[in-house]
Every structure is written in C-alpha cells, then in structure tokens.
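Enquirer: Numbering (UniProt numbering), first residue to last: 1 to 74.
What follows is a single structure, and I will ask about it in a moment.
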C-alpha cells in the first residue's frame, strides 16, 4: 500500500478520535484501532515513515505512532 494512503488513513482515524478532550486517551484509541484493524505490513510501513520524517501526520497520529513504536507491532 502506498505510504500516502496510509498517512491519510492514520490522519482520518486521528480526526475521529480528536473529539476526545483527553489527548492521551485519544492517542491510545488511535493506537488500538491501528493495532486491531491494520495489517502488520501496514503498521510497519507507517511506523517507518513516522521514524524517518512523519511530517504529513497529524499531531495525534504522531502521538499514537510513538506509542506503537515502543510496542511489538507484529
């Protein structure tokens, strides 16, 4: 899957969870959604993008990916 599509998906998920006033809880929601719904290859690709640059990701997407980055993503 192209990285631009993954970026859009991560940002769209973050937009949904951004309504949560507690941003830590919102980031956890994004993380859980990605873990539950994304194929491991997709997770690896978005984590690699986040680690290399991540400029096109929303702040909430970055916070969620930082949490994913510290976990086993397989």
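Ideal Cβ positions, reconstructed from N, Cα and C, are used throughout, including at glycine.
Predicted model, so just to flag it, every value in this text is computed and none were measured.
Return helix, strand or coil for residue 18, following the three-state DSSP convention.
Expert: coil
Enquirer: Sort 39, 25 and 31 by Cα distance to residue 1 and report the nearest one.
Expert: Out of 39, 25 and 31, the CA that lies nearest to the CA of residue 1 is found in 39.
Enquirer: What distance in whole Å lies between the Cβ atoms of residue 23 and residue 60, which are believed to be in contact at a cut-off of 8 angstroms?
Expert: 7 angstroms
Enquirer: Leaving out five residues before and five after residue 152 in sequence, what residues of the same chain have Cβ atoms less than 7 angstroms from its Cβ?
Expert: It is not possible to answer for residue 152, since the shown part of the chain is limited to 1 through 74.
Enquirer: Residue 67 lies in the alpha helix (DSSP H); which residues open and close that run?
Expert: Element bounds for residue 67: 59 to 69.
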